[in-house]
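Peer 1: One structure follows; several queries about it will come next.
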Ligand code: SF4
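Residue numbers (this note's numbering): -5 to 95.
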């Protein structure tokens, strides 16, 4: 299955921009492990944010994640930051654990 087929159900399924992603091979810092503690999440997301800052497709990536209500860290933005910007997730883990509305 290609990445295009994987994303075919999404609102925005053009993923050509991801060929230029700075985070290729680094998904371990962009998606949380099970039962991640808040302090570990902050450290992991700080690392992800640093990678995003040097990424040529950050703006496109952020728009993609917002449009598709993605989980994880995308486009220099955490789930909580997307949520706060009005792009709400169904069950955002960080938002629920920190009681952010
Ligand atoms: S902005 Fe961040 S998450 Fe998006 S493609 Fe670039 S490095 Fe990956």
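Idealized CB from N, CA, C, for every residue including glycine.
Compute the minimum distance between the beta carbon of residue 34 and the heavy atoms of the ligand SF4, and state whether it is under 6 Å.
Peer 2: The residue given as residue 34 occupies position 40 in the chain shown. Flag unset: Cβ of residue 34 not near the ligand SF4.
Peer 1: Which residue marks the beginning of the alpha helix (DSSP H) containing residue 67, and which one marks its end?
Peer 2: The residue labelled residue 67 in the question sits at position 73 within the chain shown. Where residue 67 is concerned, there is no enclosing alpha helix (DSSP H), given that its DSSP letter is neither H nor E.
Peer 1: Under DSSP, the alpha helix (DSSP H) around residue 24 begins and ends at which residues?
Peer 2: For the purposes of this step, residue 24 is taken as the residue at position 30 of the chain shown. That residue, residue 24, is in no alpha helix (DSSP H); it is neither H nor E in DSSP.
Peer 1: Please confirm if the region 28 to 40 is in contact with the region 3 to 19, defined as three or more CB-CB distances below 8 Å between the two stretches.
Peer 2: Judged by Cβ distances under 8 Å, the region 28 to 40 makes no contact with the region 3 to 19, as fewer than three pairs qualify.
Peer 1: Would you give the residue range spanned by the alpha helix (DSSP H) that residue 40 belongs to?
Peer 2: Reading the chain shown from its first residue, position 46 is the one you call residue 40. Note, residue 40: alpha helix (DSSP H), 32 to 47.
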